[in-house]
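Participant:
2 protein chains.
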Amino acid sequence: MSRMPVAERRVQLIEAALRVACRDGIDAATVRAVAAEAGVSLGVVHYCFLDKDELLRAVAAAITEQNVASIRDIAEATDLHGLLESAVTNFWAGIIANRGEQLLGYELTTTSLRHSEMGHVAIDQYEGAWSALEVFLQDIEQGAGIRWIVPYRQLARTIVAVVDGLALAWLVDGDDEVGRAGMLGFARFLETQATPSADSENADGELDVIVRSAVERATLPA
Amino acid sequence: MSRMPVAERRVQLIEAALRVACRDGIDAATVRAVAAEAGVSLGVVHYCFLDKDELLRAVAAAITEQNVASIRDIAEATDLHGLLESAVTNFWAGIIANRGEQLLGYELTTTSLRHSEMGHVAIDQYEGAWSALEVFLQDIEQGAGIRWIVPYRQLARTIVAVVDGLALAWLVDGDDEVGRAGMLGFARFLETQATPSADSENADGELDVIVRSAVERATLPA
DNA sequence: GTCTATAGTTGGATAGAC
DNA sequence: GTCTATCCAACTATAGAC
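Pasting the structure below:
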């Protein structure tokens, strides 16, 4: 464990803090617990980070980056329906596979909103998610040959809000299936927010989507 | 301050704890801080409550009851559109008027999900909201002469999820107007989940609603 | 019933040996 | 750079005086 460059040591400690906080909650992520998890002594943490809050901010940044990355990793598909369905399914699977991390995200948000030492953490979390989703929505327009009928940012905020709500409810009652159904229902709603783009290569198939959706009316269950 | 029945003293302490926690966050609601806020000495709190967690559980119950009550207090209106619009507007106003309490609700939820001592708090919060909304949805059916085309519970869960998501985003970025717009957009979506009931007294007017909504497509902004 | 005093823990941060 | 020892603050909880 000895003789390690500071930069490397920092990532080691951030990973240890992430493990502890995901497993036992943000309150359990004390400097002592993180040091023990990383197998280093107490002083090392204070040598690598100014104080506990700087360590927690680094952990929050790591989680946000991870969330943003998971938004980018979306399966490709030819039509809008299949694309949204697979995107939503994959995204939900990523959530329920990391309960501790998901919960930690909300703990970090509320902590940031209370304590000024945690400064911009909450804003960075949401700004990161909103921005990544804007890019994602633009990519879909290209890939599926559609145009969104509401502004990117507005739609991005809606997606984050619905996912947050479904994730919170799932954290509380643990019902995987209800959550998945809610996400799929939301995907159907999203279809109604798209219209075939003028320069679409397969405008006919896409037109079919928008017509169906207007008739069937999207059910947005949870 | 002296000579007060225990039951009365308990509500006094719960109110003090609520004030402190709303103002400074759940971590700041220590036994000491609550005692100081209530103007009693440290020992009194431990005399009225078994331990700190019992006090916090009582605070959580008070908040949940308050939330449930705010769901019941909904302005009356003749048609579905006006009813949903006023309900949503009033509800949102209640949220942004109590930022601290709203944030405390999420702090209590995450705390409950981590610490077994806080036991059923999170479940009680959501079960309470879901149940109250089920009753609300049934009342609307009577009042507006409609039938919901999805099960009560499912729709109730959707409402809680969307409100949670919008409230969280508002807590982070503080944009009252975007939040209000999101709520109103969601109200328009809810209209598409209703159909005129067979025994409606003014079936013609209600039919108009469902036809409009199917054509205009609900925009659910945030 | 109420208050003071204090026990017993925990955790952030630092000083100083190695 | 790393570890041990230690300080100091804040908190829960209780014991015992009044």
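Chains as they are written, first to last, in my numbering: chain L, 1 to 222; chain V, 1001 to 1222. For each residue, glycine too, the CB sits at the ideal point set by N, CA and C.
1) Which ranges does the alpha helix (DSSP H) cover as unbroken runs of at least 4 residues, wholly within the segment 33–77 of chain L, from first to last along the chain?
2) Give me the residue from L:143, L:72, L:156, L:117 with the minimum Cα distance to residue 193 of chain L.
3) Verify whether the separation of the beta carbon atoms of residue 1069 of chain V and residue 1014 of chain V is less than 8 angstroms.
4) Taking C-beta pairs closer than 9 angstroms, name the residues in chain L that residue 1126 of chain V reaches, listed in chain order.
5) Using only alpha-carbon positions, find the residue among L:101, L:121, L:158 that is nearest to residue 110 of chain L.
6) Taking residue 96 of chain L as the reference, give the member of L:119, L:174, L:40 with the closest Cα.
7) Which of the three DSSP states, helix, strand or coil, is assigned to residue 1198 of chain V?
8) Consult DSSP for residue 10 of chain L and reduce its assignment to one of helix, strand or coil.
9) Cutting at 7 angstroms between CB atoms, please list the residues of its own chain near residue 1017 of chain V, excluding the five before and the five after it.
10) List in chain order: all unbroken alpha helix (DSSP H) runs of 4+ residues lying wholly within the segment 69–129 of chain L.
11) Would you call the segment 74–85 of chain L in contact with the segment 133–147 of chain L, where contact means no fewer than 3 C-beta pairs closer than 8 angstroms?
12) Taking the beta carbon of residue 1003 of chain V as the centre, do at least 16 other beta carbons fall within 10 Å, making it buried, or is it exposed?
13) How long is the line joining the alpha carbons of residue 1163 of chain V and residue 1183 of chain V, rounded to whole angstroms?
14) Specify, as a first and last residue, the run of the alpha helix (DSSP H) that residue 159 of chain L falls within.
15) Can you have a look at residue 196 of chain L and say buried or exposed, based on whether 16 or more other CB atoms are within 10 angstroms of its CB?
16) Quick one: is residue 1060 of chain V near chain L, going by C-beta distance under 8 angstroms?
17) Using DSSP's beta-bridge definition, name the partner residues of residue 1147 of chain V.
18) Please list, in chain order, all residues of the same chain as residue 1137 of chain V whose beta carbon is under 7 angstroms from its beta carbon, the five residues on each side excluded.
19) Measuring CA to CA, which of L:171, L:150, L:178, L:139 is closest to residue 1158 of chain V?
20) For chain V, find out if any of its Cβ atoms is closer than 8 angstroms to the Cβ of residue 134 of chain L; answer yes or no.
21) Quick check: what's the CA-CA separation for residue 1218 of chain V versus residue 124 of chain L?
22) Please report the straight-line C-alpha distance between residue 1113 of chain V and residue 27 of chain L, rounded to a whole angstrom.
23) Taking the straight line between their C-alpha atoms, what separation do you get for residue 106 of chain L and residue 1007 of chain V?
24) By a C-beta neighbour count over all protein chains shown, 10 Å radius and 16 as the cutoff for buried, is residue 126 of chain L buried or exposed?
25) For residue 128 of chain L, which option in L:101, L:165, L:67 has the closest C-alpha, if you only look at C-alpha atoms?
26) At a CB-CB cut-off below 8 angstroms, which residues of chain L make contact with residue 1103 of chain V?
27) Give me the subset of the segment 15–39 of chain L whose CB atoms are less than 9 angstroms from a CB atom of chain V, sorted by chain position.
28) Under a Cβ-count criterion, where at least 16 other Cβ atoms within 10 Å of its own Cβ denotes burial, should residue 1188 of chain V be classed as buried or exposed?
29) Taking only beta-carbon positions, decide if residue 95 of chain L is within less than 8 angstroms of chain V.
30) Suppose you measure from the CA of residue 1171 of chain V to the CA of residue 1131 of chain V; what does that come to, to the nearest Å?
31) Note down, in chain order, every chain V residue with its Cβ under 9 angstroms from the Cβ of residue 87 of chain L.
32) Please name the residue in L:47, L:51, L:101 whose C-alpha comes closest to that of residue 117 of chain L.
33) Using a Cβ-Cβ distance cut-off of 8 angstroms, determine whether residue 177 of chain L contacts chain V.
34) Compare the C-alpha of residue 180 of chain L against each of L:23, L:92, L:42 and name the closest.
Facilitator: Taking the coordinates as given:
1) Complete alpha helix (DSSP H) runs here, min 4: 42–48, 52–72.
2) Among L:143, L:72, L:156, L:117, the Cα nearest to that of residue 193 of chain L is on L:156.
3) Cβ atoms of residue 1069 of chain V and residue 1014 of chain V: not closer than 8 angstroms.
4) Chain-ordered, the chain L residues with CB closer than 9 angstroms to the CB of residue 1126 of chain V read 168, 169, 172, 173.
5) Of the candidates L:101, L:121, L:158, L:121 places its Cα closest to the Cα of residue 110 of chain L.
6) Checking every option, the nearest Cα to that of residue 96 of chain L belongs to L:174.
7) Three-state result, residue 1198 of chain V: coil.
8) In the structure shown, residue 10 of chain L sits in a helix (DSSP, three-state: H, G or I).
9) The answer, listed in chain order, is 1029, 1034, 1055, 1059.
10) Segments of the alpha helix (DSSP H) lying fully in the segment 69–129 of chain L: 80–96, 99–114.
11) Touching, per the Cβ criterion.
12) When all chains shown are included, residue 1003 of chain V counts as exposed.
13) Their backbone Cα atoms lie some 8 angstroms apart in a straight line.
14) In the DSSP assignment, residue 159 of chain L falls within the alpha helix (DSSP H) that extends over 152–173.
15) Per the 10 Å Cβ criterion, buried.
16) Under the 8 angstroms criterion on CB atoms, residue 1060 of chain V is classed as non-interfacial with respect to chain L.
17) Secondary-structure assignment with DSSP links residue 1147 of chain V through a beta bridge to V:1195.
18) Cβ within range, chain order: 1148, 1152, 1155, 1156.
19) Distance from the Cα of residue 1158 of chain V is smallest, within the candidate group L:171, L:150, L:178, L:139, for L:178.
20) For residue 134 of chain L, the closest Cβ of chain V is not nearer than 8 angstroms.
21) Residue placement at residue 1218 of chain V is flagged as unreliable, the pLDDT there being 43, under the threshold of 50; the coordinate-derived value follows with that caveat. The alpha-carbon atoms of residue 1218 of chain V and residue 124 of chain L are separated by roughly 30 angstroms.
22) Residue 1113 of chain V and residue 27 of chain L have their alpha carbons spaced roughly 12 angstroms apart.
23) Take the alpha-carbon of residue 106 of chain L and the one of residue 1007 of chain V: they are about 35 angstroms apart.
24) Answer is buried; the Cβ neighbour count reaches 16.
25) Comparing alpha-carbon positions, the option among L:101, L:165, L:67 lying closest to residue 128 of chain L turns out to be L:67.
26) Within chain L, the residues near residue 1103 of chain V are 110, 113, 114.
27) Of all residues in the segment 15–39 of chain L, 24, 25, 26, 27, 28 have a Cβ within less than 9 angstroms of some Cβ in chain V.
28) Counting Cβ neighbours within 10 Å, residue 1188 of chain V comes out buried, since at least 16 surround it.
29) Under the 8 angstroms criterion on CB atoms, residue 95 of chain L is classed as non-interfacial with respect to chain V.
30) Their Cα atoms are separated by approximately 25 angstroms.
31) Residues of chain V whose Cβ lies closer than 9 angstroms to the Cβ of residue 87 of chain L do not exist, since the nearest Cβ in that chain is about 18 angstroms away.
32) With distances taken between Cα atoms, residue 117 of chain L lies closest to L:51.
33) Interface with chain V (8 angstroms Cβ-Cβ cutoff): residue 177 of chain L is excluded.
34) The shortest C-alpha separation from residue 180 of chain L is found at L:92.
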